[in-house]
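Engineer: So the sequence shown is numbered by the working numbering: it starts at 180 and just counts up by one. Even glycine gets a Cβ: it sits at the ideal position worked out from N, Cα and C. Provided herewith is a single structure, encoded as structure tokens, for subsequent inquiry.
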Amino acid sequence: MIIYGIKNCDKVRAALKQARQQGHDVRVHDFRDNGIDQEQVQAMLSDIALDQLVNKRSTTYRQLSDADKQSIDSNTLVNHPTLIKRPVVFYHDRYTIGLPE
Numbered sequence: 180m181i182i183y184g185i186k187n188c189d190k191v192r193a194a195l196k197q198a199r200q201q202g203h204d205v206r207v208h209d210f211r212d213n214g215i216d217q218e219q220v221q222a223m224l225s226d227i228a229l230d231q232l233v234n235k236r237s238t239t240y241r242q243l244s245d246a247d248k249q250s251i252d253s254n255t256l257v258n259h260p261t262l263i264k265r266p267v268v269f270y271h272d273r274y275t276i277g278l279p280e
């Protein structure tokens, strides 16, 4: 299992704790430390719709111009990975937001 996010994010830490309590072998991919590339974003988008993947409550989103908010795409997420909702979890060859049931 891979948890994507920011290691100091409360939701990421809670997901990590829960996954470990459930006995999963977990690796954290921190957007700030490790970045994210187009291939990873496209893989996420194959399972999660763009409008669900974008965190519209983030500081980064609020700082975008209205025009930029209307044109968010995978390149925007690569350039501003903190726009991605957290945590994104890769488990059983599938991406989800939050831990899978």
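1) Using alpha carbons as the reference points, say which of Tyr270, Arg211, Leu243 and Ile251 lies closest to Ala228.
2) Using alpha carbons as the reference points, say which of Leu256, Gln200 and Val205 lies closest to Lys235.
3) In chain order, what residues of the same chain lie with their CB nearer than 6 Å to the CB of Arg265, ignoring the 5 residues before and after it?
4) Just reading off the beta strand (DSSP E) that Val257 is part of, what are its end residues?
5) Cα-Cα, which of Arg206, Tyr270 and Gln221 is closest to Leu232?
Structural biologist: In brief:
1) One-based indexing of the sequence shown puts residue 228 at position 49. Ala228 has its Cα closest to that of Ile251, out of Tyr270, Arg211, Leu243 and Ile251.
2) Within the sequence shown, residue 235 is the residue found at index 56, counting from 1. When each option's Cα is compared against that of Lys235, the closest is Leu256.
3) Counting from one through the sequence shown, the residue named residue 265 turns up at place 86. Only Gly184, Cys188, Lys190 and Val191 meet the Cβ criterion.
4) Taking the first residue of the sequence shown as position 1, residue 257 is located at position 78. Segment Ser253 to Asn258 is the alpha helix (DSSP H) holding Val257; no beta strand (DSSP E) there.
5) Locating residue 232 in the sequence shown gives position 53, where the first residue counts as 1. Taking only the C-alpha atoms, the option nearest Leu232 is Gln221.
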